[in-house]
Amino acid sequence: MIKLENVSKSIKGKTVIDGITQTFHGGITYGLKGINGSGKTMLMRLISGLIYPTAGRIEIRGKELGKDLSFPENLGLLIENPAFLDTYTGFDNLWLLASLNNKVGKTEVREALLKTGLNPEDRRKYKKYSLGMKQRLGIAAAIMEKPQILILDEPLNALDAEGVALFDKIIREEKEKGTLIILSCHEEEKLREYSDVILTMENGKIKNREEL
Amino acid sequence: MAAKCIKNEMRKALFSKASLITYLLSFSLVIYHTVTKAEIYNEFYTAYQTGEVQGNPMITAVSLYCNWLGADVTSFATSAFFFLFPIIAVMPYGWSMAGEIKSGYTKNVISRIPRKVYFFSKYFAAFVSGALAVMIPLLLSFLLMSLVLPALHMENIYPYGVIGERSMWAELYYSNPFLYSMLYVLLDGIFSGLTACISMAFAFFTRSQVSVVLMPFFLMLLLDYIDTNVLPGWELSPVRFLQALPVVNERSGVIDLAFCLAFAVFTLGIILYKERKYEAL
Amino acid sequence: MRLYRLIRYDIKNGICSRLYLYVPAAILCSVFTIGFYMSLQNRNLENEKLTIINILLYFFEGKEPFSPELGNAFVFPVVWLFIFLYSAFLTLNYPYSNLTGYGVQVITRTKSRKLWWLSKCFWVFLTTFLYFAVWYLVSLVLSLILHIDLSIQYSERICAELLDMKLQSVQAGSVWISLVILPVMTSVAVNLLQLCLGLFFDRIYCFLASAVILFASTYFQTPLLIGNFAMVKRSVMYQENGMDFTQGIIACVALIILSIGAGFWRIRKYDILKKHERGLQQEAEDD
Chain A
7 MIKLENVSKS
17 IKGKTVIDGI
27 TQTFHGGITY
37 GLKGINGSGK
47 TMLMRLISGL
57 IYPTAGRIEI
67 RGKELGKDLS
77 FPENLGLLIE
87 NPAFLDTYTG
97 FDNLWLLASL
107 NNKVGKTEVR
117 EALLKTGLNP
127 EDRRKYKKYS
137 LGMKQRLGIA
147 AAIMEKPQIL
157 ILDEPLNALD
167 AEGVALFDKI
177 IREEKEKGTL
187 IILSCHEEEK
197 LREYSDVILT
207 MENGKIKNRE
217 EL
Chain B
4 MAAKCIKNEM
14 RKALFSKASL
24 ITYLLSFSLV
34 IYHTVTKAEI
44 YNEFYTAYQT
54 GEVQGNPMIT
64 AVSLYCNWLG
74 ADVTSFATSA
84 FFFLFPIIAV
94 MPYGWSMAGE
104 IKSGYTKNVI
114 SRIPRKVYFF
124 SKYFAAFVSG
134 ALAVMIPLLL
144 SFLLMSLVLP
154 ALHMENIYPY
164 GVIGERSMWA
174 ELYYSNPFLY
184 SMLYVLLDGI
194 FSGLTACISM
204 AFAFFTRSQV
214 SVVLMPFFLM
224 LLLDYIDTNV
234 LPGWELSPVR
244 FLQALPVVNE
254 RSGVIDLAFC
264 LAFAVFTLGI
274 ILYKERKYEA
284 L
Chain C
1033 MRLYRLIRYD
1043 IKNGICSRLY
1053 LYVPAAILCS
1063 VFTIGFYMSL
1073 QNRNLENEKL
1083 TIINILLYFF
1093 EGKEPFSPEL
1103 GNAFVFPVVW
1113 LFIFLYSAFL
1123 TLNYPYSNLT
1133 GYGVQVITRT
1143 KSRKLWWLSK
1153 CFWVFLTTFL
1163 YFAVWYLVSL
1173 VLSLILHIDL
1183 SIQYSERICA
1193 ELLDMKLQSV
1203 QAGSVWISLV
1213 ILPVMTSVAV
1223 NLLQLCLGLF
1233 FDRIYCFLAS
1243 AVILFASTYF
1253 QTPLLIGNFA
1263 MVKRSVMYQE
1273 NGMDFTQGII
1283 ACVALIILSI
1293 GAGFWRIRKY
1303 DILKKHERGL
1313 QQEAEDD
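If you want it as structure tokens, here you go:
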């Protein structure tokens, strides 16, 4: 469970997140909706521990982020444009990341690649990947370690119809596992399809909460 | 179209945070130099007035023309300024080509205007920003020092602030030191502008902005090594020959010109090649 | 265990995949060594017994104490500066590439910012050691090829005539400290300071700070400028009131601890953002 208590964030004098109080429960998918610059990505960065609040606190399972925890445990993250090492293959890139925590083995890495429609045996280097393939690799990196918290910023960017269909399946599977999912998407229809709760953001605040 | 492009690039070059920081850093060197020199002059003048100075005071040693930032080859500020000039020249805008290639911004531009216009506008802006980054602090130093030190004509009978007759513009130094100093400011500006252009040209070969900014700096250090150890005789190192007084050897106008031409040809050559062959991948 | 994996990752990505950056160091070392060797002939010193210690003294001689009052122009020690500035350049880019793009995936998996910082500090240590190892190894190999004596002795005449250096009574221990321990420690200290400053400023300004500190060390003889301890011509080996070795080691250790500590403090609350996101206010004003 993630609890935000009156969380605000300012960067160089500009308020990007303004007094958000919100609880995110495990097993529920939260969709973030809002125009560009409304604060969706910044909120995701706050929850994932990449930045810390200027005011307020963020608790993850009773532990305060920034004090008791640097980053949430069991986190899967897709934020910014996916970026990997140019001279490695897709599999090697993921394996390098997986070996940091040793939570999963090569089998799980292969499974994650297959789920996103990528070939684990593909020997092409990352720099040869198309935009859609890069996005798929980013999704694979987020799900491969069986996270309990999944944060996905615009996961459908650059995905073709097949990629979107595979992503639909991934979301369903993660929901069944009880993963807490926070995602943003500009396609309203898709957002409603994935989410149990939609939070509409405007000027760094949560303007509306809609349970579906 | 070209005029608009140049105007945009100049605006980006001259009114950026990087430019501001560069000027702040170099101005702090200028202020430090001025204050230390003013203190030394004050001590000298007090001693001179009270008659403490015995014998020939060799008064030209405190002349403006051998003590401003561009000429005071014994001071820390001058040595540091010329040591760092390759970085000072590049910092305002020399890195911008690398940054725009890396971010993909070049795609937006070359789909709207010819490559030639874009690259030459950038070249011009890099040259001007590099030149000004060095010229303005030098001029400021000259101005500030002229408020403090006497503008005495130099004389070659004393050991201070002397240049040999073989040296570039030697006659001018003794007959019209003000013009000599201004010509050196101009020479330093041209060289710094070309240094910033080297950085710009190098951007076509690497995406690393750090490498692009520091490459001219290491190149100048290498030239300094060659000057010191391999080809002594004339001042070959730009770090040395850009100072208005000799550091080790005499300066040759031919060498200065050769370097300027070499840098100009190299950088323009790359731009001319790339404006036909560049692909925004 | 996590730290070990992070270090292993840094060694793989920060050293093994960037080995090409050590090639210029090897080339430079060769050029400087051969240049020094050739200069013996120009000074009719071919018959003098050149040793590897003479070569290392050439690399790390630095600059004798400088006095502007004498009216001599300041000529900076280009070889010494090259060695230390290239070391600073080598350790400049990699750690901060770990805070954007792919690096975000890495740091969120470490679960601890402090561990991430510690592993980067360790990477700086390792990179600097490896860099100097390249210098010493290349000098050693070239000495073997050029039949240069590998003993701990050195030719005083070569020192006096080529390096303008007349050393005080020198023991083997002093040679090790002044030519190996202090240069490496000084470089580690400067590079760690640069790393720490990178959490506050842009990388180019951090390199500029390192360059200014090292350059200022060649001009001013003061224990406050750490580069002084890495120059033979500023040490007690060269002048009676020169820089003390013990003081040098203490200063380096102090700067290392300070840099690591300051980094620990800063990384706790450091916002991991893209560069353009840091300048939100600036961009808004520019528009």
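Residue numbers (my numbering), protein chains in the order written: chain A, 7 to 218; chain B, 4 to 284; chain C, 1033 to 1319.
A virtual CB, placed ideally from N, CA and C, is assigned to each residue, including glycine.
Linking Q28 of chain A to A1058 of chain C through their CA atoms gives a straight-line distance of about 57 Å. Restricting attention to C:G1046, C:P1056 and C:F1064, the CA atom closest to the CA of N232 of chain B is found in C:F1064.
A residue is called buried once 16 or more other Cβ atoms fall within 10 Å of its Cβ, and W1208 of chain C, having fewer, is exposed. For T1083 of chain C, the three-state secondary structure derived from DSSP is strand.
Taken in chain order, the members of the stretch 72 to 97 of chain B whose beta-carbon sits within less than 7 Å of a beta-carbon on chain C are V76, T77, S78, F79, S82, A83, F86, L87, I90 and M94. Contact between the stretch 1259 to 1276 of chain C and the stretch 1192 to 1201 of chain C is present: 3 or more CB-CB pairs across the two stretches fall below 8 Å. Put simply, the backbone Cα of R178 of chain A is about 15 Å away from that of M150 of chain A. The Cβ atoms of S195 of chain B and P219 of chain B do not sit closer than 7 Å to each other. Identification of chain A residues near D1303 of chain C by a Cβ-Cβ cut-off of 8 Å yields I17, L56, I57 and Y58, ordered along the chain. In this structure, DSSP gives L158 of chain A an extended state, which the three-state scheme calls strand.
When Cβ-Cβ separations below 7 Å define contact, V1170 of chain C makes no contact with chain B.
Taking a C-beta distance under 7 Å as the contact criterion, L75 of chain A and I64 of chain A do not qualify as a contact pair.
With fewer than 16 other CB atoms across the displayed protein chains lying within 10 angstroms of its CB, G167 of chain B is exposed. CA-CA distance, F1277 of chain C to F85 of chain B, rounds to 31 Å. Under the Cβ distance rule, N159 of chain B does not count among the residues neighbouring chain C, no pair being separated by less than 7 Å. Residue pairing by DSSP places N11 of chain B in no beta bridge whatsoever. DSSP places I188 of chain A within a strand segment (E or B) once states are collapsed to three. The alpha-carbon of S170 of chain B is positioned some 15 Å away from that of C69 of chain B. The beta carbon of W1148 of chain C lies closer than 6 Å to those of I1139 and T1142 in the same chain, with the five residues before and after it left out. In the structure shown, R130 of chain A adopts coil according to DSSP, grouped into three states.
Straight-line measurement puts the Cα of A92 of chain B at about 27 Å from the Cα of Y1054 of chain C. By the Cβ neighbour-count rule, W1155 of chain C is buried, with 16 or more other Cβ atoms within 10 Å of its own. Rounded to whole angstroms, the gap between the alpha carbons of I1213 of chain C and S1219 of chain C is 10 Å.
A distance below 7 Å between beta-carbons, with the five flanking residues on each side excluded, links G184 of chain A to the following residues of its chain, in chain order: G32 and G33. Distance from the Cα of I1292 of chain C is smallest, within the candidate group C:N1074, C:T1254, C:Y1128 and C:L1224, for C:L1224.
For E208 of chain A, same chain residues with a beta-carbon under 7 Å away, outside a window of 5 residues either side, are G40 and S44 in chain order.
The residues L72 and D75, in chain order, have a CB closer than 6 Å to that of T81 of chain B in the same chain once the five nearest residues on each side in sequence are set aside. Around the C-beta of K175 of chain A, fewer than 16 other C-beta atoms lie within 10 Å, and the residue is accordingly described as exposed. For the stretch 204 to 234 of chain B, the set of positions with a beta-carbon nearer than 7 Å to some beta-carbon of chain C reads S211, V213, V216, L217, L224, D227, Y228, T231, N232 and V233 in chain order. Using a CB distance below 7 Å, no part of the stretch 37 to 54 of chain B faces chain C.
The beta carbon of E12 of chain B is closer than 6 Å to those of S124, K125 and A128 in its chain, skipping five residues each way along the sequence. If you draw a 10 Å sphere on the C-beta of C1048 of chain C, you find fewer than 16 other C-beta atoms in it, and that means exposed. Between F1116 of chain C and chain B, the shortest Cβ-Cβ separation is not below 7 Å. Close partners of S1071 of chain C in chain B (Cβ separation under 8 Å): N232.
For G1293 of chain C, no Cβ of chain A is located within less than 7 Å of the residue's own Cβ. In this model, P140 of chain B and F181 of chain B are separated by some 17 Å (Cα to Cα).
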